[in-house]
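All residue numbers for the sequence shown refer to UniProt numbering, where the first residue is 1 and numbers rise by one. All C-beta atoms in this analysis are idealised placements derived from N, C-alpha and C, irrespective of residue type, glycine included. Here is the structure we will look at.
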Amino acid sequence: MSNSDDEIIDLAEESGENEEHDLSDEDLLIDDASDESGKSHEHAVRIQKRAAEFLTYIKQECVTTQVTIDNIVKGVDDLFRLYNQFLKARIFELSDSDFIQKKDIAELFSYINQQTIFEGVQTQYKLQRYQKAKWDALVPRKVVFAWKRVLPHGKVRQVPSQFAYYVDFLEQLESILQCEDILNCVDNPKAPSDEFRSALDGYIYHNHPVAQKHPNALGIILYLDDIKAGDSLSSFSNLGLRNFLWSLANIYPELRSSVRAIQLLALSKASDAKNVKNEPILQKFIHGINRLSSEEGVTFNIKGVPRVFHGFLLFIIGDYPALANIGGFKESAAFAWRFCRQCMVTQEEKSEKYEESQVVLRTDVMHKQQLDAMEGTSIVMEDETEATEQHEKPTVKYGINFRSPLLQVNHFQVTQCLPQDIMHLFLEGILETECRFLLDHAVSSRKISLKEVNLYLNDLPTERPSPIEPQHLKNGLRQTSSQILMLSVHLPFLLGKHCETDRLRNFILLLKVLSMCLCSVLKLDHVSLLKRMIKEYLVNFNLLTLANSLQNIIS
């Protein structure tokens with residue numbers, strides 16, 4: 001297995017079939033090597049530039065497929081040739097004398113008809129080549145994890161079977177720092193206050209070794225998400241992709257919440273990334289981060305002036321399974337005795353302990369000891385009762401699968417810097433369960449019917465929840481995150497007179513917790529309040545659940 005760029009290029013040259021897909025450094029030499037000059041040549045260059053801009057706009061801004069782009073090129077060329085025929089006929093009609101040779105005009109238009117108005121950019125490969133040469137574009141590089149042998153046309157060839165596309169992190173960082181607005185955010189951070197508005201206001205940034213030595217150090221936020229690719233004819237696909245995105249935390253919050261502030265780092269199949277434990281994909285990124293966090297830092301050429309920058313990986317955000325995978329933890333809480341990435345709470349203790357002070361927090365030292373125990377190189381000594389037989393395997397006992405490549409990142413703690421996913425855990429987890437329990441209580445008490453509930457929900461103007469069936473109250477509501485959020489806001493008004501007061505109050509308390517978790521500005525006092533509200537909600541939820549279970553047993 002190799003990820004050498006030279007090997008990829010050699011394979012492409014031998015087969016000749018990858019010419020339309022993979023770019024090499026030789027593709028930079030695409031300038032016109034002929035001796036053409038003059039006004040006509042200048043216009044030809046301008047036409048090519050405008051054609052490239054037009055196709056790029058259609059591709060990116062209009063979110064158009066390459067098949068559509070190819071049809072646009074073909075259709076415009078057909079129209080252009082028809083116009084040439086019209087123009088030639090008009091010239092012939094006006095040329096009654098021999099002052100203009102019709103033969104020369106015919107030869108000229110014959111030559112033009114052999115060309116395309118998109119000359120040099122008419123295919124995806126040529127357009128990418130033009131962009132790379134003329135626009136200083138950062139072209140993704142293919143990183144190959146595994147190869148396979150194929151037999152096209154009776155000839156054995158070796159082609160990539162598992163791979164990813166990666167954009168150089170440091171080159172991207174140097175490119176975005178050329179923007180005056182971004183550089184201004186880096187050089188002029190907002191004054192500290194008693195409010196938490198940005199990641200730079202938090203404890204981890206201010207107490208990081210790099211930030212303490214180098215004020216205004218760059219904070220890098222990595223975003224990881226697994227998605228299902230779809231198309232215009234289907235809303236579901238089995239092709240799972242893993243996106244690696246990043247953003248600069250130094251950008252002001254009001255400017256950072258934009259698609260243009262988010263950079264694509266890598267893209268691969270989710271299954272391929274899991275097979276290689278994400279390491280080949282993140283290898284160069286980790287190297288770049290470690291250079292950035294070193295004493296020497298990284299020197300960038302900012303508008304012709306060399307300048308040294310320091311920075312570090314602040315934290316990684318994303319959906320729950322993807323973050324667990326990149327951190328080396330169990331992706332599902334059901335398969336781990338200690339399922340939390342931040343603490344050592346067990347499956348038995350999760351409904352009994354409500355505060356951080358009641359549990360043992362994970363540390364880097366503890367995590368590495370558990371990894372050694374899992375790999376059989378050491379034994380972890382614990383001051384606790386031995387686990388039962390089904391939990392004796394370290395991978396189940398500690399909720400870890402493998403040694404994460406993130407352990408190679410300087411000053412990065414996988415036990416602290418992989419925050420929980422509010423969409424999966426709160427909206428699609430806790431809130432969905434509470435909405436389902438509240439609906440089930442009201443419907444089973446015969447105080448309201450599902451038909452009445454669905455009629456009410458059907459009148460909502462936006463993010464309307466899908467119709468709720470009886471089986472959904474037991475097996476899940478089958479709603480998206482936005483639909484769950486909309487449903488939760490309306491349930492107190494819909495069920496206010498049809499359910500017990502204690503249940504309704506506890507549900508409203510959960511909505512208050514949610515609103516604070518989604519709040520963009522917080523104070524330290526709010527954190528203490530949030531802590532008390534969460535404990536109160538959990539205690540009430542357990543009491544109500546126990547009372548409901550006893551009532552079902554009695555009935």
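Alpha-carbon spacing of residue i relative to residue j, whole angstroms
| i | j | result |
| --- | --- | --- |
| C499 | L323 | 38 Å |
| Q479 | L438 | 16 Å |
| S258 | R157 | 44 Å |
| R338 | K474 | 27 Å |
| E536 | M486 | 24 Å |
| N540 | K350 | 15 Å |
| Q172 | L138 | 7 Å |
| K59 | A106 | 36 Å |
| E514 | W135 | The sequence shown places Leu at residue 514, rather than the Glu named in the question. For L514 and W135, the distance between alpha carbons rounds to 45 Å. |
| N113 | K132 | 28 Å |
| L524 | T377 | 43 Å |
| N71 | D421 | 42 Å |
| I204 | P419 | 12 Å |
| H208 | C417 | 12 Å |
| A387 | Q358 | Confidence at A387 is low in this model, with a pLDDT of 45, below 50, so the placement of that residue is unreliable and no value is reported for it. |
| L538 | Y354 | 7 Å |
| L546 | D226 | 37 Å |
| Y166 | T56 | 21 Å |
| residue 570 | C340 | Residue coverage of the chain in this structure runs from 1 to 555, which leaves residue 570 outside it and unanswerable. |
| R90 | A44 | 23 Å |
| D25 | T64 | Residue confidence is low: D25 scores 42 on pLDDT, short of 50, so the model does not pin down where it sits. No coordinate-derived value is stated. |
| N188 | K213 | 17 Å |
| K126 | L222 | 32 Å |
| Q471 | G429 | 18 Å |
| N301 | A261 | 20 Å |
Residue j beta carbon less than 8 Å from that of residue i
| i | j | result |
| --- | --- | --- |
| L82 | A199 | no |
| E195 | L522 | yes |
| L510 | E434 | yes |
| L248 | L218 | yes |
| F507 | L491 | yes |
| S268 | I281 | yes |
| V186 | N250 | yes |
| I176 | I289 | no |
| K512 | N401 | no |
| C517 | F426 | yes |
| L265 | L245 | yes |
| G399 | A336 | yes |
| N454 | I468 | yes |
| H441 | R532 | no |
| T415 | T462 | no |
| M366 | P394 | no |
| H153 | S293 | no |
For residue j and residue i, believed in contact at Cβ under 8 Å, the rounded distance
| i | j | result |
| --- | --- | --- |
| I286 | Q413 | Not really, about 15 Å apart at Cβ, beyond 8 Å. |
| V159 | K142 | Not confirmed; about 11 Å, so no contact. |
| V169 | K284 | For the sequence presented, residue 169 should be read as Phe rather than Val. Contact flag correct, Cβ pair sits at about 7 Å. |
| A51 | V150 | With a Cβ gap of about 36 Å, A51 and V150 do not count as contacting. |
| S404 | G327 | 5 Å |
| N84 | F109 | 5 Å |
| M423 | S466 | Contact doesn't hold; Cβ gap of about 18 Å is too wide. |
| V308 | G297 | 5 Å |
Residue range of the alpha helix (DSSP H) that includes residue i
| i | result |
| --- | --- |
| V365 | 364–374 |
| V186 | 180–187 |
| residue 580 | With the chain represented from 1 up to 555, any question about residue 580 goes unanswered, as that position is not in the structure. |
| T395 | 394–397 |
| S404 | Taken as a continuous stretch (DSSP letters only), S404 belongs to no alpha helix (DSSP H), as it is neither H nor E. |
| K142 | That residue, K142, is in no alpha helix (DSSP H); its beta strand (DSSP E) goes 141–150. |
| F109 | 102–113 |
| R341 | Element bounds for R341: n/a, residue is neither H nor E. |
| I484 | 481–495 |
| H472 | 472–475 |
| C517 | 501–517 |
| N454 | 450–458 |
| K126 | 124–134 |
| Y320 | 320–326 |
| Q172 | 169–176 |
| R256 | 253–256 |
heavy atom of the ligand HEM below 7 Å from residue i C-beta
| i | result |
| --- | --- |
| G75 | In terms of ligand content, the structure shown is empty, and the ligand HEM therefore cannot be addressed. |
Boundaries of the beta strand (DSSP E) in which residue i is found, first to last residue
| i | result |
| --- | --- |
| T299 | 298–302 |
| N243 | 240–248 |
| A44 | Unbroken run through A44 is the alpha helix (DSSP H), 39–60; no beta strand (DSSP E). |
| Y165 | 157–166 |
| Q263 | 262–269 |
| V443 | It is not in any beta strand (DSSP E) - V443 instead sits in the alpha helix (DSSP H) that spans 432–444. |
| P306 | 305–309 |
Minimum length 4: unbroken alpha helix (DSSP H) runs contained in the stretch 195–226
If we require 4 residues or more, the alpha helix (DSSP H) runs fully inside the stretch 195–226 come out as 203–206, 209–213.
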